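What follows is a short report on a single structure.
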Amino acid sequence: MTATTSAAAFSSSFVSSVEEFRALFAPNSADRLLLCYEPEHDGVAAMNLTALEEAVRAAAARHATKVQLHFWDCSSIAFVAAKDQLGKERGTPLLAVVYRQALADTLKEPMSAMIQNVDRVCERLAAYQRGGKIAVRTSSSPTTASPHPVADDSYMSVDVSKLVGMGKRLLTDGKAEYAEKFFHRALGTLDAVRPQCEGDVNIDGSTALCLAWVALAQIVQGKNADAHMRRLEAEYAAFCEEVGSDAARVRATHRLVTAAPLTWRSDTCSQKKLREVLDRDPQSHEHRCALVVTLFLAGDLERCLTEAVKLTTLHVPFGAAAISAIGEFIGRDHALMQAIGVDRERPLTGV
25 MTATTSAAAF SSSFVSSVEE FRALFAPNSA DRLLLCYEPE HDGVAAMNLT ALEEAVRAAA
85 ARHATKVQLH FWDCSSIAFV AAKDQLGKER GTPLLAVVYR QALADTLKEP MSAMIQNVDR
145 VCERLAAYQR GGKIAVRTSS SPTTASPHPV ADDSYMSVDV SKLVGMGKRL LTDGKAEYAE
205 KFFHRALGTL DAVRPQCEGD VNIDGSTALC LAWVALAQIV QGKNADAHMR RLEAEYAAFC
265 EEVGSDAARV RATHRLVTAA PLTWRSDTCS QKKLREVLDR DPQSHEHRCA LVVTLFLAGD
325 LERCLTEAVK LTTLHVPFGA AAISAIGEFI GRDHALMQAI GVDRERPLTG V
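Counted from 1, the sequence shown has number 102 at position 78 by this note's numbering; the numbering is strictly sequential.
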């Protein structure tokens, strides 16, 4: 089996050296699918590689996915560290999804199942390449990097700062599902080094940051983020109290979403959709509550507070609760809070 190129949107090749492996993650490189397999242990034969290539080629054509497929026999001892970082287990092949030069997802399953599932993978990847989902504004504050790489520099290193930065870019582009995976990987890296770094303020700050962003990515997808929020507030309360911090922002978001009478989801609660509903029915208070959340996530605090004030005028409890949550994030002495009058607030109960 030789490397082939059938169209500009798809190509396939073999990875046979550490240098070729590193090149898969080089800046400005294409999105990729990387099959990691050990022929003697995973039951992978040439016919399986051919079948996977045909399946990916067909899926890429069907969904207009721009992707390169790579076959990597990772049996060599030179790849031990890289295999460990990818989570490759002996006996099961692994398909890694490399999106924007970073590991976005992995599939660990027999070849027969993998061949069936690549259509879904290519469909989702194409959707992300085209964009079109609701964007979430992320803060411009620098991320805190872990000083402890998880592998030797001669292999693919996982840098917490890079993972968080990539996750935030994905979240800004409306790709919360992939963003969550990056944040989870960063959090897992920090948790792994924690026993050797007890009391390290840098590690604590990075962990609080990752917990906050995992929770936000889950919230944007309409998932339940309670578990991560409980850990964030129980173990890293000090970071949540910092006015304007990422942790404080996510805590405010969680409280808004939890208190809102309408289930908030990014695919149903864009500003356009909500305003269309409100244009037809200005008394749809549930949709106005959802609009407050959407505007907060977009970073439009002035309009967010304006809508919250409207709700208080209409005697909708969420309005005062939202003003309280936003005040905790930006500070009671913020000009916007002073402009609306802090007496409009009512504490938001429960998380």
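Where is the CB? At the ideal position from N, CA and C, for every residue including glycine.
Keep in mind that this is a model prediction, so the values were computed, not measured.
Report buried or exposed for residue i, applying the criterion of at least 16 other Cβ atoms within 10 angstroms of its Cβ.
i, result
"E326", "exposed"
"H309", "buried"
"S290", "buried"
"Q307", "exposed"
"D357", "exposed"
"V225", "exposed"
"E44", "exposed"
"S163", "Bear in mind that the predicted position of S163 carries a pLDDT of just 48, short of 50, making it too unreliable to give a figure here."
"S165", "Low local confidence applies: a pLDDT of 40 at S165 is under 50, so the model's placement there is unreliable, and no value is given."
"I101", "exposed"
"S36", "buried"
"D303", "exposed"
"E62", "buried"
"S348", "buried"
"A363", "exposed"
"G365", "exposed"
"Q140", "exposed"
"F34", "buried"
"Q220", "exposed"
"E64", "exposed"
"A32", "The pLDDT assigned to A32 is 47, lower than 50, so where the model puts this residue is not dependable; a value taken from the coordinates is nonetheless given after this. Exposed, because fewer than 16 other Cβ atoms sit within 10 Å of the Cβ of A32."
"E331", "buried"
"G115", "exposed"
Kindly identify the DSSP beta-bridge partner or partners of residue i.
i, result
"Q220", "According to DSSP, Q220 bridges with nothing at all."
Is it true that the CB of residue j sits closer than 8 Å to the CB of residue i?
i, j, result
"M138", "L76", "yes"
"F353", "A284", "no"
"V142", "V68", "no"
"Q153", "K192", "no"
"W96", "V39", "yes"
"A380", "H278", "Residue 380 is absent from the model: the chain starts at 25 and stops at 375."
"R56", "V145", "no"
"K112", "L119", "no"
"D270", "W237", "yes"
"T231", "L211", "yes"
"A272", "I350", "no"
"L187", "F206", "yes"
"L329", "L360", "yes"
"L280", "A346", "yes"
"Q125", "S185", "no"
"L235", "R218", "no"
"L149", "H94", "no"
How about residue i: is its Cβ closer than 7 Å to a heavy atom in the ligand COA?
i, result
"V316", "Of ligands this structure carries none, so the ligand COA is not represented either."
message: To test your reading of the DSSP string, which unbroken beta strand (DSSP E) runs of 3 or more residues are found completely within the stretch 49-102?
response: 56-61, 91-97
message: Could you check whether the stretch 259-275 touches the stretch 290-299, counting it as contact only if at least three pairs of C-beta atoms, one from each stretch, sit closer than 8 Å?
response: At 8 Å Cβ cutoff, the stretches do not touch.
Cβ contact check for the stretch 123-136 and the stretch 95-107: 3 or more pairs under 8 Å: no
- prompt: Does the stretch 248-255 touch the stretch 312-322, meaning 3 or more C-beta pairs lie closer than 8 Å?
  reply: no
message: I'd like the ranges of any beta strand (DSSP E) spanning at least 3 consecutive residues and lying wholly in the stretch 101-149.
response: 118-123, 126-132
task: Enumerate, from N- to C-terminal direction, the unbroken beta strand (DSSP E) stretches of 3 or more residues contained entirely within the stretch 223-271.
output: You should have found no qualifying run.
message: With a threshold of 8 Å, are at least 3 pairs of Cβ atoms found where one atom belongs to the stretch 42-52 and the other to the stretch 83-90?
response: no
task: Report yes or no: do the stretch 234-245 and the stretch 194-203 share at least 3 C-beta pairs separated by less than 8 Å?
output: yes
Alpha helix (DSSP H) runs contained entirely in the stretch 308-337, provided each spans 4 or more residues: 309-321, 325-337
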